[in-house]
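Q: This note's numbering numbers the first residue of the sequence shown as 35 and each following residue consecutively. Just so you know, even glycine gets a beta-carbon here, dropped at the ideal spot from N, CA and C.
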Amino acid sequence: MNQPIPYGRQNITEEDIEAVVSTLKSDYLTQGPRIAEFEEAFAVYVNSKYAVAVSNGTAALHLCAMALNIQPGDKVITTPITFAASANCVRYCGGEVVFADIDPETYLLDINRVKELLENSPKGTYKGIIPVDFAGRAVDLEEFRKLADQYGLWIIEDACHAPGGYFVDSNGKMQYCGNGNFADLAIFSFHPVKHIACGEGGMITTNDKELYEKLLQLRTHGIVKDDSKYENSLAFANGLNESQVSNLKSKVYPGWYMEMQQLGYNYRLTDFQAALGSSQLKRADEGLKQRQNIAKRYFEAFKGKDFIKGQSGVIDGHAYHLYVLEVENRLGLYNFLRENKIFAQIHYIPCHLMPYYRDRGGNEGDMPNAEKYYRHCISLPMYPTLQEEEQVFVIGKINKFFYE
């Protein structure tokens with residue numbers, strides 16, 4: 035192979051380019067109609083009531099933490115096998131992150147470890163849970179919801195890896211990631227290696243109207259532009275004394291008026307990013323099928339191989355953002371693949387062992403399943419435009435490393 039093979043890659047079509055160029059030629063580059071169009075289409079795609087587009091997945095997590103009113107000292111449980119932002123959003127608000135180990139078979143947050151934390155602490159110790167649909171495998175949020183309700187906790191679903199993914203509930207119904215039926219809020223990322231690419235971008239989904247309205251306000255500096263919600267007087271808004279209000283022909287707030295009612299951020303997505311996202315969303319199902327086909331080829335190639343520790347087959351409802359192997363001599367394989375222009379990646383270094391979280395009490399041995407997984411995991415190339423001959427090349431090099 036002459037061209038490098040990365041672990042992930044965006045797919046930009048002429049239709050995508052036309053959508054962006056059309057928006058660049060329009061009257062709005064930001065705060066225009068493309069935002070609402072993308073939000074509405076995405077809400078339909080994941081079967082949620084509401085969607086809020088934001089500047090990136092990290093911003094989405096931060097706004098969720100704010101909307102749920104995380105306060106200094108509040109304890110929140112999450113997984114150590116995730117990108118750091120899943121935990122950091124709690125710290126942005128002054129809360130405390132408590133990690134629970136993963137299930138070694140699914141790589142997802144282990145509900146039994148979460149139960150142990152809750153059962154061994156006074157009720158009220160914890161405020162919420164942030165499960166992650168790691169690699170594209172959907173968390174069973176029905177079971178987490180039951181547990182959360184028992185202890186009065188909220189749930190933020192980090193679904194960045196899993197648009198289009200689902201689990202099957204106790205009634206046999208497919209529950210799509212981010213649909214809001216079990217989590218209070220869910221978040222997605224539109225980074226270039228994700229299923230839907232906007233360059234940067236994120237989305238929050240929910241079925242809770244109150245949370246939705248909070249998010250809209252927090253996304254734009256905490257500003258309100260709704261007459262029914264203004265707190266300052268009509269006289270003040272018009273620059274008048276109270277006695278002059280009676281002279282107004284129309285008892286309305288002036289067109290320029292707005293109020294900053296709480297501390298928010300500029301976490302908006304631009305219209306041209308939203309146009310790209312809407313265009314990409316049209317191909318989301320096609321891309322998901324391609325990912326699943328690639329996963330099937332990997333599984334067929336590697337099933338029964340003695341160098342694989344954790345390969346568990348092709349899974350219904352898995353969105354396959356990543357295809358992860360657990361192998362012996364991971365470092366040797368990683369370097370060998372790079373020598374052959376195959377740029378596999380490692381997902382992830384356990385969060386509790388990052389220096390920042392070590393300084394907050396994280397130690398080796400705290401999460402044995404996560405730490406064992408990290409010593410062996412490697413993410414293979416996985417993206418819809420990966421050609422079959424490229425995948426065959428990757429598979430061949432892995433076999434060569436272990437058997438020749």
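#1: Contact between the region 69 to 81 and the region 197 to 212: three or more CB pairs below 8 Å?
#2: Please identify the residue among ASN154, LEU181, LYS339 and LEU310 whose C-alpha is closest to the C-alpha of ILE230.
#3: Extract the residue ranges of the alpha helix (DSSP H) inside the region 357 to 418, only unbroken runs of 4 or more that lie entirely within it.
#4: Taking only the alpha-carbon atoms, compute the straight-line gap between PRO38 and LYS375 and give it to the nearest angstrom.
#5: Does the region 48 to 60 touch the region 290 to 310, meaning 3 or more C-beta pairs lie closer than 8 Å?
#6: To the nearest angstrom, how far is it from the Cα of VAL86 to the Cα of GLY199?
#7: Which residues share a DSSP beta bridge with LYS207?
#8: Which term fits TRP290, buried or exposed, when burial requires 16 or more other beta carbons within 10 angstroms of its beta carbon?
#9: Could you tell me if VAL124 is buried or exposed, where buried requires 16 or more neighbouring beta carbons within 10 angstroms of its beta carbon?
#10: Take every Cβ of the region 106 to 115, pair it with every Cβ of the region 130 to 140, and state whether three or more of those distances are shorter than 8 Å.
#11: Among residues of its own chain, excluding the 5 on either side of PRO67, which ones have a beta-carbon nearer than 8 Å to its beta-carbon?
#12: Which residue wins for smallest C-alpha separation from ASP135, given the options GLU422, PHE436, LEU420 and TYR408?
#13: Who are the near neighbours of PHE72 in its chain, counting only those whose CB is closer than 7 Å to its CB and skipping five residues on each side?
#14: Measuring CB atoms only, is the region 315 to 331 touching the region 346 to 355, in the sense that at least three cross pairs come out at less than 8 Å?
#15: Just curious, the alpha helix (DSSP H) that LYS149 is in, first and last residue?
#16: Pick from LYS337, HIS195 and ALA353: whose alpha carbon is nearest that of LYS323?
#17: Where does PRO106 land, buried or exposed, given buried means 16+ other C-beta within 10 angstroms?
#18: Closest to PHE76 by C-alpha separation, out of ALA318, LYS157, VAL286 and ASP137, would be which residue?
#19: Report back the beta-carbon spacing between ALA217 and ILE189 to the nearest angstrom; my notes put them in contact at under 8 Å.
#20: Starting from GLU191 and walking both ways along the beta strand (DSSP E), at which residues does that stretch end?
#21: Taking only three categories from DSSP, how would you classify ASN300?
#22: If you run the structure through DSSP and keep just helix, strand and coil, what is LEU315?
#23: Give me whichever residues DSSP pairs with PHE201 in a beta bridge.
#24: Assuming contact is defined by CB atoms lying nearer than 8 Å, are ALA196 and ASP167 in contact in what I supplied?
#25: How should LEU142 be labelled, buried or exposed, when 16 other C-beta atoms within 10 angstroms of its C-beta is the threshold for buried?
#26: Quick one: what does DSSP say LEU249 is sitting in, helix, strand or coil?
#27: Taking only the alpha-carbon atoms, compute the straight-line gap between VAL428 and THR140 and give it to the nearest angstrom.
#28: Enumerate in chain order the residues of its own chain whose CB-to-CB distance from ASP203 is below 7 Å, with the five nearest sequence positions on each side excluded.
#29: Out of ASP50, GLY170, THR47 and SER280, which one is the CA nearest neighbour of SER413?
#30: Please report the residue range of the alpha helix (DSSP H) in which MET443 lies.
#31: Just the C-alpha distance for ALA404 and PRO138, rounded to the nearest angstrom, thanks.
#32: Count the other C-beta atoms from every protein chain shown that fall within 10 angstroms of the C-beta of ALA220, then say buried if there are 16 or more, exposed otherwise.
#33: Distance, Cα to Cα, GLN44 vs THR419?
#34: Does TYR62 come out as helix, strand or coil in the three-state DSSP assignment?
#35: Counting C-beta neighbours from all protein chains within 10 Å, is the total for LYS248 16 or more, i.e. buried, or is it exposed?
#36: Compare the beta carbon distance of TYR437 and THR116 with 8 Å and say whether it is the shorter of the two.
A: To lay it out plainly:
#1: These segments touch.
#2: Taking the sequence shown and counting its residues from 1, the one referred to as residue 230 is at position 196. Among ASN154, LEU181, LYS339 and LEU310, the Cα nearest to that of ILE230 is on LEU310.
#3: Runs found: 364 to 373, 389 to 392 and 402 to 410.
#4: Start at 1 with the first residue of the sequence shown, and residue 38 comes out as number 4. Start at 1 with the first residue of the sequence shown, and residue 375 comes out as number 341. Between PRO38 and LYS375, the C-alpha separation is close to 5 Å.
#5: Contact between the region 290 to 310 and the region 48 to 60 is present, because at least three Cβ pairs lie under 8 Å.
#6: The sequence position of residue 86 within the sequence shown is 52, counting from 1. The sequence position of residue 199 within the sequence shown is 165, counting from 1. Between VAL86 and GLY199, the alpha-carbon positions lie close to 19 Å from each other.
#7: To locate residue 207, count along the sequence shown from 1; it is residue 173. LYS207 pairs with nothing; no bridge assigned.
#8: One-based indexing of the sequence shown puts residue 290 at position 256. TRP290 is exposed by the Cβ-count criterion.
#9: Against the sequence shown, residue 124 aligns to sequence position 90. Under this definition VAL124 is a buried residue.
#10: Taking a cut-off of 8 Å on C-beta distances, the region 106 to 115 touches the region 130 to 140, as three or more cross pairs fall below it.
#11: Reading the sequence shown from its first residue, position 33 is the one you call residue 67. Closer than 8 Å at the Cβ level, and outside the excluded window around PRO67, lie ASP305.
#12: Counted from its first residue, the sequence shown places residue 135 at position 101. For ASP135, the closest C-alpha among the options GLU422, PHE436, LEU420 and TYR408 is that of TYR408.
#13: Along the sequence shown, read from residue 1 onward, the residue named residue 72 stands at position 38. Scanning its chain for C-beta atoms nearer than 7 Å, with the 5 sequence neighbours on each side dropped, one finds around PHE72 the residues ALA87, ALA308, GLY311 and SER312, in chain order.
#14: Two segments are said to touch when three or more pairs of C-beta atoms, one from each, lie closer than 8 Å; by this definition the region 315 to 331 touches the region 346 to 355.
#15: Translated into the one-based positions of the sequence shown, residue 149 becomes position 115. Boundaries of the alpha helix (DSSP H) around LYS149: 145 to 153.
#16: Along the sequence shown, read from residue 1 onward, the residue named residue 323 stands at position 289. Taking only the C-alpha atoms, the option nearest LYS323 is ALA353.
#17: Walking along the sequence shown from the start, residue 106 turns up at place 72. Under this definition PRO106 is an exposed residue.
#18: Counting from 1 along the sequence shown, the entry for residue 76 is found at position 42. With distances taken between Cα atoms, PHE76 lies closest to ALA318.
#19: Counting from one through the sequence shown, the residue named residue 217 turns up at place 183. Counting from one through the sequence shown, the residue named residue 189 turns up at place 155. Contact flag correct, Cβ pair sits at about 4 Å.
#20: Indexing the sequence shown from 1 puts residue 191 at position 157. GLU191 -> beta strand (DSSP E) spans 188 to 192.
#21: Residue 300 sits at position 266 when you count from the first residue of the sequence shown. ASN300: strand per DSSP, three-state reduction.
#22: For this step, residue 315 is matched to residue 281 along the sequence shown. Here LEU315 sits in helix by DSSP.
#23: The residue you call residue 201 lines up with position 167 of the sequence shown. Note: PHE201 sits in a beta bridge opposite GLN209.
#24: By one-based count along the sequence shown, residue 196 stands at place 162. By one-based count along the sequence shown, residue 167 stands at place 133. Closer than 8 Å, so yes.
#25: The residue labelled residue 142 in the question sits at position 108 within the sequence shown. So LEU142 ends up on the buried side.
#26: As a first step, residue 249 must be located in the sequence shown, where it is residue number 215. Correct three-state label for LEU249: helix.
#27: Working through the sequence shown from its first residue, we reach residue 428 at position 394. Working through the sequence shown from its first residue, we reach residue 140 at position 106. When rounded, the distance between both Cα atoms is 24 Å.
#28: Within the sequence shown, numbered from 1, the residue matching residue 203 stands at position 169. Closer than 7 Å at Cβ, skipping near neighbours: GLU176 and GLN209.
#29: Position 379 of the sequence shown, counted from the first residue, corresponds to residue 413. Distance check between SER413 and each of ASP50, GLY170, THR47 and SER280 places GLY170 closest, using alpha-carbon atoms only.
#30: No information on residue 443 is available, as it lies outside the stretch 35 to 438 that the chain covers here.
#31: Residue numbering aside, residue 404 sits at position 370 when the sequence shown is read from its first letter. Residue numbering aside, residue 138 sits at position 104 when the sequence shown is read from its first letter. Annotation: ALA404 to PRO138 spans about 8 Å, alpha carbon to alpha carbon.
#32: Here residue 220 refers to the residue found at position 186 when the sequence shown is read from its first residue. Only buried fits ALA220, as 16 or more other CB atoms lie within 10 angstroms of its CB.
#33: Taking the sequence shown and counting its residues from 1, the one referred to as residue 44 is at position 10. Taking the sequence shown and counting its residues from 1, the one referred to as residue 419 is at position 385. Their Cα atoms are separated by approximately 8 Å.
#34: One-based indexing of the sequence shown puts residue 62 at position 28. DSSP places TYR62 in coil when its eight states are reduced to three.
#35: For the purposes of this step, residue 248 is identified with residue 214 of the sequence shown, where counting begins at 1. Looking at its Cβ environment, which holds 16 or more other Cβ atoms inside 10 Å, LYS248 is buried.
#36: The residue given as residue 437 occupies position 403 in the sequence shown. The residue given as residue 116 occupies position 82 in the sequence shown. Cβ atoms of TYR437 and THR116: not closer than 8 Å.
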